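Asks: Counting with this note's numbering, you get residues 14 to 82 for the letters of the sequence shown. Quick reminder that beta carbons are idealized off the backbone N, C-alpha and C, glycines included. This structure is a prediction, so every number in the text was calculated from the model and none was measured. Got a structure here, written out as structure tokens. Questions coming.
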Amino acid sequence: PEKLPEAFHQEDSVLVYIPLSYMIGGYAVLVPRKMVQPLNMSLEEAMRFTLTAGVTGMARPVSEKGEKK
């Protein structure tokens, strides 16, 4: 714990993972919370989007009649 950067202990920071291509690795960076916008997306949807580079698109909501909106 004493080797962590001082910014790591700030309550107004969040850790953001930025993946590299082909999911070989990535960067974990501390970002001020005010610079992060929460998404209405499940972890599963976020990982699917990341793994496919958004190529598969996001599922569209389905109406009560079973039609895609």
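Inspect the beta-carbon positions of P32 and T63 and report whether they are closer than 7 Å.
Replies: yes
Asks: Apart from the five residues on each side of it in sequence, which residues of its chain come closer than 7 Å, Cβ to Cβ, to V27?
Replies: V44, R46 and V49
Asks: Tell me whether the beta-carbon of Y30 lies closer than 7 Å to the beta-carbon of G39.
Replies: yes
Asks: Between which two residues does the alpha helix (DSSP H) carrying L56 extend?
Replies: L56 to L64
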